[in-house]
Each structure stands twice: as C-alpha cells, then as structure tokens.
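First to last, the protein sequences are chains A and B.
Quick note on this note's numbering: the first sequence kicks off at 125 and runs consecutively.
Quick note on this note's numbering: the second sequence kicks off at 125 and runs consecutively.
Just so you know, even glycine gets a beta-carbon here, dropped at the ideal spot from N, CA and C.
All values reported here derive from a predicted model rather than from experimental measurement.
There are 2 protein chains.
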Amino acid sequence: MNIYNICVLKILFFLSLSQANVIKQESDTCQQILGDELIREISSYGNVRDEIFRYVLEGEFKGKTYDELAKFVDKFGARPSGTEVLENSIDYMIELTRAEDINDIVTEELEVPHWTRGEERVTMLQPRVKNLSVLGLGRSVSTPPEGITAEVVIVTDFAELENSREEDIKGKIVIFDPVYTTYGETSVYRSQSATRASAKGAVASLVRSIAPFSIDSPHTGSQSYGQNVTQIPTAAITLEDADLIRRIINRGEKVILKIEMSSSYDTKISRNTIVDLKGRENPDSLVIVSGHIDSWDVGQGAMDDGGGLFVSWAAPVILKRLNLQPRRTVRSIFWTAEEFGLIGAYAYEEKHRDENHNINFIMESDEGTFAPLGLAVAGNQEARCIIAEILKLFESINATTLVEDDSPGSDIAVITRTGIPGASLHNDNERYFWFHHTAGDTMNVEDERELDLGSAFWTTVAYIIADISVDIPR
Amino acid sequence: MNIYNICVLKILFFLSLSQANVIKQESDTCQQILGDELIREISSYGNVRDEIFRYVLEGEFKGKTYDELAKFVDKFGARPSGTEVLENSIDYMIELTRAEDINDIVTEELEVPHWTRGEERVTMLQPRVKNLSVLGLGRSVSTPPEGITAEVVIVTDFAELENSREEDIKGKIVIFDPVYTTYGETSVYRSQSATRASAKGAVASLVRSIAPFSIDSPHTGSQSYGQNVTQIPTAAITLEDADLIRRIINRGEKVILKIEMSSSYDTKISRNTIVDLKGRENPDSLVIVSGHIDSWDVGQGAMDDGGGLFVSWAAPVILKRLNLQPRRTVRSIFWTAEEFGLIGAYAYEEKHRDENHNINFIMESDEGTFAPLGLAVAGNQEARCIIAEILKLFESINATTLVEDDSPGSDIAVITRTGIPGASLHNDNERYFWFHHTAGDTMNVEDERELDLGSAFWTTVAYIIADISVDIPR
Chain A
125 MNIYNICVLK ILFFLSLSQA NVIKQESDTC QQILGDELIR EISSYGNVRD EIFRYVLEGE
185 FKGKTYDELA KFVDKFGARP SGTEVLENSI DYMIELTRAE DINDIVTEEL EVPHWTRGEE
245 RVTMLQPRVK NLSVLGLGRS VSTPPEGITA EVVIVTDFAE LENSREEDIK GKIVIFDPVY
305 TTYGETSVYR SQSATRASAK GAVASLVRSI APFSIDSPHT GSQSYGQNVT QIPTAAITLE
365 DADLIRRIIN RGEKVILKIE MSSSYDTKIS RNTIVDLKGR ENPDSLVIVS GHIDSWDVGQ
425 GAMDDGGGLF VSWAAPVILK RLNLQPRRTV RSIFWTAEEF GLIGAYAYEE KHRDENHNIN
485 FIMESDEGTF APLGLAVAGN QEARCIIAEI LKLFESINAT TLVEDDSPGS DIAVITRTGI
545 PGASLHNDNE RYFWFHHTAG DTMNVEDERE LDLGSAFWTT VAYIIADISV DIPR
Chain B
125 MNIYNICVLK ILFFLSLSQA NVIKQESDTC QQILGDELIR EISSYGNVRD EIFRYVLEGE
185 FKGKTYDELA KFVDKFGARP SGTEVLENSI DYMIELTRAE DINDIVTEEL EVPHWTRGEE
245 RVTMLQPRVK NLSVLGLGRS VSTPPEGITA EVVIVTDFAE LENSREEDIK GKIVIFDPVY
305 TTYGETSVYR SQSATRASAK GAVASLVRSI APFSIDSPHT GSQSYGQNVT QIPTAAITLE
365 DADLIRRIIN RGEKVILKIE MSSSYDTKIS RNTIVDLKGR ENPDSLVIVS GHIDSWDVGQ
425 GAMDDGGGLF VSWAAPVILK RLNLQPRRTV RSIFWTAEEF GLIGAYAYEE KHRDENHNIN
485 FIMESDEGTF APLGLAVAGN QEARCIIAEI LKLFESINAT TLVEDDSPGS DIAVITRTGI
545 PGASLHNDNE RYFWFHHTAG DTMNVEDERE LDLGSAFWTT VAYIIADISV DIPR
C-alpha cells in the first residue's frame, strides 16, 4: 500500500467516523431485540438472494420487467380511472399472470370516479395575448361555454388568501403559487385550491404545477370540492407561467386571463386485482406487494405507476419460476383508481377489514422504480429491526437504507394506519416529480437495469419476509 | 499543516501533474509569440476588470441584466422573424439604449422570412389512437385540409433512407430518428429531413427532436426545401413518441399517422441594430459584441437568444456608465432573423464587406448565458495567444478556458469564415438543448448571478481587446 492509498483511506476514515457511531448504536439495539439466532437466520437468505439476483440480472428474466412494462404501456397508453382501456389493461395483466401458470387470481369490483377531460385553454389577454400550457385538475367542473374572463390575484399560500379582503378575491381568478418543498407538503395547494378560492368568492382557481422543474410542463392531479362551496373550474399551470404572471403583477400591471375548460364526470365499475402465490405452511398469512394500474390521462403512466405495477407483478412470477414457495403467501395487488384518491385501496381495506390480522406485511411501489436504495418502513421498533437486518443483505447494490416513515406509500397508507406494518420502495427518484402527472410520464423515464434491480430487490425482500420463522410484530 | 491537508495536496498534485505539463508547453509557446511586454500590458488590465466586476456584481448594475431581460421578454414574449412584435422589440431596445445616453445607433433594413404556424396536429391512428406533441419546422408547407394519413417508415440516418427501396418509402411518412450526439452533427436531420424524404417519394417527414432530454417536449427549428423536390410538410416529434413508434415497429406492428398542419409564408422587412461606443483613438476599428433579437414562435426566447442580446447590450452600456472609453470602437449588434438561417448576419456581411478590414474582433453569445467558462476562438495562433492571455485575468471566476473553434457562434460564422478573428461565449450550458426551440425557453432558465457574471466577463473582454496596443492579427 503506497502513501497515496494510505492517505485516501485515512481521509475516508475520518469522514465516516461520526456517522459510523450512530449506525453502530442502532445496530447494537437491534441486535439485542432480535437476538443472534434470528440475525443468523436472516443472513442465511443470502443464497436465495443470490439465486433471485442471478436470474433477474443475468438469467432468463434479464430485461423482462422493462420489456413487459413497455409492451403494456405501448399497447394501452394512459389508463384513467373509469375507462374501458383501464379495464382492458386489467384483463391483460390477468392473462399475463395466468400465462405464468399462476392461477390464484381474483378481482374485486368497486365503483370508481370517471372524469373525462375535454377541451382546455387558458389565454392571457392582458397585458398581452399569450396561451398558457394548462391541465385541468381531476373532478374540475367546466367553465360556461363562453369561458371565464377575469383579473388574476396571485397568492403564495393559504394564509395569504385568508388574509386577503373578500372584495379583493370576489370575482377574480386566484393563482396559487406555492414554493415547492416536498410533494407531500406542497400538493395540498392542488387538492384544496378550488375549495379555498371558492370560499373567498373566486370564480376559478389555478395552481402552479406541483413540481421542482419544468420544460413548460403542466402537472395534473386530483382535487376535490369541499361541502357548501360553489364548484369552480380549476387547473394547473406551468412554473414558467406562474413566474411570468408573478413578475408582471409585481411590476404593478394587471393580468387578465380567459379560461375555457370542459369535462364530464360520472362513476363506473373497476376492479382491484389480487394474485396469490400461496404459502407452503401458513397460506392465510399474507405478505403483500403492490402498485396501481390506473394512471392519469396524460402521459402513459409508465413511471406512475407502471413500474410499481410490474415489479409487484414480477415478485410472484419470479418466485414461481424459481420454484421458491415461502411459508406465507405472497400476494400481489394491482390497485385501481389510485389517482382519484386511493379508491381501490379504501375498497380493499373495507372489504377485508375482518381479515386484516392476516396481513403480516404490506409493501407498495408508487414513487418510481429507479435504482432501489432500501425501504421506507412503518412499524414498531422490532419490526423495523427485522427489516433493517433483511436490508443488510443488499449491501452490494447499495440498497440497505431504512427510512423510518409512519405513513409510507400511498394506497397502503390506508392499511398501515390501522397498525399493520408495511413499507414503500425507497429508490433513487430525485427526478420523479419532474415527470409526475405530465405527458412526459413515458417509457423514456424508465431504465432496464434499474427495473431489473427493482424486481430482484422487491422479490427477495417479499420472499424473506414471507419465509422467516417469525411474523413481523405489530 | 496537518497530515490530512498534506495528503489532500499530494493527491491533487499527482492528479494535476500531466495536465499541467500540456498547459505549460502551450503557455511557453504563447510567451515567445507575445513577448513579455504585451503580456505585462494585458495583465495590467486587472484594475479595469476589478472595476467592471465590482460595478456589475456588487454595484449599481447588480441584477440589471436579468431584470432588463425579464422586462423585455415578459413584455414581448416570442419575437419571430417577420412579425410586428419583433419590430416593436427592436424599437424598445433602441429606446433602452438611448436612455443610457448612447446615441450612435443605426438600423439596417433587410428582407426576412415570415413563416406563421397555424394549427398542427399529429395523431397516431394505428395500432391505437394517440395524439403526438408536435411542432412544425420553419418554412414547412401545410397539409391538405383533410390532412395526410399514411404508414410510417422510421430510419436512423440518411444512409438508411438512401439504402431503402423506393417502393418502401413512396407514399409513406418518414420519421428520422437519429441518435443525438451534438447539436451540430444531429441538426442536419431537422434541416434536411423534408428534402431527403421527399426525394425518395415520402408524403411527409417527421424528425425526432434535436435534443438530449425531454418532458414530452417537441423542438422546432429551421429547415429549407432543396431544389427540384416536392415540398412536403415536416415537423418535430418528441423523443418519447419517436421511441414509442420505434418500439411498436420493432415488434412488427404497422404505425399509421394522420398529420394536419397549416402555415403561411411570405417575407417582411426587419432590421439589424448597430450600437457604437466610439473608440477614443481609432474609432474605425471595431470590436463587435452581438446576439440575436429574434426568437422562435414558441417559448419566449429568453435563452435563445435573449441572454446573448442582453449581455451584448450591456457591454457598451456598462463601459459608458463607468466612463471607460477604449481606443477602438465597441460595437454591439442585435442581429435579426437568425433563426431562419443567419439572415441578418448575411445582410450585414454583404453590406459591410468592403469595410471588413475594420473588424478587429467579433464576438457573439448565442449558446446560452450560463456561468461563463471562457471563449471559443477562431483565429491564428497569435490571435489565440492574445485571447488566452486575456482569459488569464478571469481565473477567480473560473472563466479561463480557450476552446479552439474554427467556426464559433452562429451569426458571426458568416464573418469569421472570411478570415476575421472572433469568439463565441463558452459557458456552462450543459442543459442548453433541453430548452432550445421549445415552449420552455423562458426566464426560468436564466439565473441572475450567471447573467451578471456574463455581462461583466463580456464587457471586460470586449474592453481589453478594444483597448490594447496591438490589433488582433489575422
């Protein structure tokens, strides 16, 4: 070892020292909680991990997650709640699964929203004529045929709206222009914008797209009207146009917009799809993997949530192909109508409430299927220690991170909030919200190798949790 | 100095050793060419550099380039060749300059293309119905009112087209789907697509947008029809849709598109604008800074080329405000109709051909005004040595790089190819082609601090070249 190498090691050592201490303390606590025997048992799954990873990354399954996702997405495109294309895509997934000789498949019907976007146009009339790129928000009502023409009031947050005088808002178009922090924090300006603005007398509401980056990209998403307010039209505009209007108003000029939007809204019947790879010892006990099959009407829903759907489809398929039957059942659920408010998940939770004790652990991938980094986990300390121990098996792909999250995922939050432990795929999704709910949610966002890593990781984690000697404690 | 610091220095030293040798050799040659006296003279401009940088980065001009650009872009939006809004924006720039008490301003009229985009719609009819995001290319003819419906042939490059049998192309829509390498290399698939496809009997041509990244973003741009070919409609589609169609065709399926496009085309009169800050000793000798004022009809032309226009506007303004009058004249040119093929620059070159000996050095910024990194320089070795020596003054902002480029810039290539030395702003424009010719070319791409750095750098370089005792040799 030469002087250069010694120096580098020394530097890395100094840098890692403090972090290492924290990790060691946590690790000591978990070691006490789990005991040596369980730790040895978990680490013994290294062989299964290797088998699955070889099969998915180098063997017959290599590239299959990407290819099957591409075929699916290219065939159906967008799959909005309540549409025939969504139902056809559900039938397709059932056939695709049956072709793998997995036949424990049931669907459960439920009523879902069916909101159809019509023509949408927002035009700045003053101080100059400019068309804005726009996407109406889910459930938005139409404007009158002649549109709505009004002056704009722009606010940064709800407090600024609430502090405005009624007469400054009445008859105006309100633009919500929040600072994007996280999606969780900021998306409330989309979901509540119409209700809040209407309550103060606005005639329409627009929201700065809930995104950190844009190439003139409007981002749609769901919203719902509160009780006792006039339902006013509502849409997302781009970061660029929000900033433009902000600058113009800051210069003391008046902005007048004309909004023309049409849509229709009713309900339809859709289905959750439940695929079981029955456990060999305790088939009633479930380890659930899941993603949603519906998407927004723009883009192709490749990322949201085609990727999550397909890594969750892949888990029982890979196990079946490798003849790996765990003690407990691995259940894969393809949720429907997530985008309109976790409609499928609510229906499932209600229908299966009295068997909820059977859910040993529930997983969901709905925040991208980029390179896996670990899991965001809800559960008590013992549950998290078990998951942390399992994640140690993924050091070679750098997927050992356990993020403590009391409400991971979207659909599964409906289940985990009843006290059932669960996890969401933690992945390298830094750009996720660049594409989310836009026309840019296509196969171009997806990466073959990252999807392979995702499928292999997802399948291995599900297998181990479904197979170890202990249940995940609550 | 502790062991850690010694280690780091040692590592950095090893890493930089080989690069340093190359730079030292070049530097030795330049030292011989320039001689100590000129080198000392150039380095003596450190004081002027400091004065300009203080004024622009911390003084009265701080933020002004961004603010003035934003006011301009927000007021006029897109400024396509041949439009009234472009002419109004030219008048505005003249007034803005006059307000700085700079009155040596002339405009020179010329005939420019006036192509107006109408309705554009491309719909995939088979294997499923999908609207494609699309932008017609400059000068494209319209389709018949009923549109053009035909099967698609997709090719990677011109060779693949040329090698195709006539009967495989005849009556088809050709999609050019080149691999993006550099803009210079790849954009030929936009500018020549219609001509090449038409020559083989295609009824329309589409081109994968000339860009490395997309959020469903079509990129327009110019094209021209060759002699003796039928003029067929031509447009850019997104990376996403090009890949989608490629995958579908690779699976053996047929793709049928319907293209509906309308446009009109005539010519109008526009103007180049010439602003002179007269030199104190040799006013006939010109150091030109320039950018183009026209833009594409989508987006706002903030990046292409609002930034270049405004740093070039700023150069004489800053010098005037600081009462820095160099020996030679600093001329700022706002080119018109660049986007339709350097129309303004050609007219200028033709009109001023017999005074071309007066151009000491010509500069252009038309590749973004992100953080300046240096200059891309055309000229003989002595010229480049002088510029390299000047660039040494910008070490503190990391803008010392001289890129040897025989044809830097766009408009000024018309001048430099006659043997006149010149340079284009070399800047940190990695994402330039993400936004180029899209609706996303807005103020959101621009950064206040980077524009300040650009203005300060541009002004200082122009001043030094205009003031040093020697002409830039040819």
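query	result
Could you name the residues of the same chain whose beta carbon sits closer than 7 Å to that of Asp340/B, not counting the 5 residues immediately before and after it, in chain order?	Ser257, Thr362 and Glu364
Look at Gln155/B and Ile163/B and say whether their C-beta atoms are less than 8 Å apart.	yes
Since I believe Trp437/B is in contact with Ser419/B (beta carbons under 8 Å), could you give me their beta-carbon distance rounded to a whole number of angstroms?	Contact flag wrong, Cβ pair sits at about 15 Å.
Show which residues of chain A have a CB atom less than 8 Å away from the CB atom of Asn551/B.	The premise fails here: Asn551/B is roughly 20 Å from chain A at the closest Cβ pair, so nothing lies under 8 Å.
Verify the CB distance criterion: does Met385/A have a CB-CB separation below 8 Å to chain B?	no
If we define contact as Cβ-Cβ less than 8 Å, is Asp428/B a contact residue for chain A?	no
Within its chain, find whatever has a CB closer than 8 Å to the CB of Phe434/B; leave out the 5 residues flanking it on each side and keep chain order.	Thr189, Glu192, Leu193, Phe196, Gly415, Thr493, Leu575 and Ser579
On the premise that Ala547/B lies in contact with Leu577/B, defined as a C-beta separation below 8 Å, what is that separation, rounded to the nearest angstrom?	Actually they do not touch by this definition, with Cβ atoms about 17 Å apart.
Note down, in chain order, each residue of its chain lying with its Cβ closer than 7 Å to the Cβ of Pro268/A, except the 5 sequence neighbours on either side.	none
Here's the rule: buried if 16 or more other CB atoms are within 10 angstroms of the residue's CB, otherwise exposed. What is His550/A?	buried
Between the C-alpha atoms of Trp582/A and Glu309/A, what's the straight-line distance to the nearest angstrom?	28 Å
Cα separation between Leu526/A and Val501/A?	7 Å
What number of angstroms, rounded off, separates the C-alpha of Ser520/A from the C-alpha of Tyr169/A?	14 Å
To the nearest angstrom, report how far apart Gly325/B and Val353/B are at their CA atoms.	9 Å
Sort out for me which residues DSSP pairs Trp239/A with in a bridge.	Tyr389/A
If you measure from the beta carbon of Met217/B to each beta carbon in chain A, is any gap under 8 Å?	no
Can you name the residues of chain A whose CB is closer than 8 Å to the CB of Gly201/B?	Arg252 and Lys254
Tell me, please, whether the CB atom of Phe196/A is closer than 8 Å to any CB atom in chain B?	no
Is there a Cβ of chain B sitting closer than 8 Å to that of Ile339/A, yes or no?	yes
Please report the straight-line C-alpha distance between Asp571/A and Pro342/B, rounded to a whole angstrom.	22 Å
If the cut is a Cβ gap below 9 Å, which residues of chain B does Leu575/A touch?	Here the premise fails: no neighbours, minimum Cβ distance about 15 Å.
For the ligand SAM, any of its heavy atoms closer than 7 Å to the Cβ of Leu381/A?	Among the components modelled here there is no ligand, and therefore nothing to report on the ligand SAM.
Under the rule that 16 or more other beta-carbon atoms within 10 Å means buried, what is Ser140/A, buried or exposed?	Legend: pLDDT at Ser140/A = 46, less than 50; position of this residue unreliable, no value from coordinates given.
Could you tell me which chain B residues have their CB closer than 7 Å to the CB of Trp558/A, listed as they occur along the chain?	Ile339
Using the beta-carbon of each residue, which ones in chain A are nearer than 8 Å to Asn568/B?	Ser338, Leu363, Glu364 and Asp367
Straight-line CA distance for Val98/A to Asp228/A?	This structure gives no information on residue 98/A, because the portion of chain A shown stretches from 125 to 598.
Leaving aside the five residues before and after Asn126/A along the sequence, list all residues of the same chain whose C-beta is less than 6 Å from its C-beta, in chain order.	Unreliable positioning characterises Asn126/A in this predicted model, as indicated by a pLDDT of 45, which lies under 50. A coordinate reading is not provided.
For Glu235/B, collect the residues of the same chain with a Cβ closer than 7 Å to its Cβ; drop the 5 residues on either side in sequence, then sort them by chain order.	Thr391 and Ile393
Just by C-beta distance, which residues in the region 203-235 of chain B are closer than 7 Å to chain A?	none
What's the C-alpha gap between Val569/A and Ala426/A?	8 Å
Whether or not the region 373-389 of chain B and the region 550-569 of chain B are in contact is what I'm after, with contact meaning three or more pairs of Cβ atoms, one per stretch, closer than 8 Å; do they touch?	no
Taking buried to mean at least 16 other C-beta atoms within 10 Å of its own C-beta, is Gln347/B buried or exposed?	buried
State buried or exposed for Arg332/A, treating a residue as buried only when at least 16 other CB atoms are found within 10 Å of its CB.	buried
Opposite Pro496/B in the DSSP bridges: which residues?	Asn551/B
Listing by chain order, which chain A residues have their CB less than 8 Å from the CB of Ile372/B?	Asp198
Buried or exposed for Leu515/B, please, with buried defined as at least 16 other CB atoms from any protein chain shown within 10 angstroms of its CB.	buried
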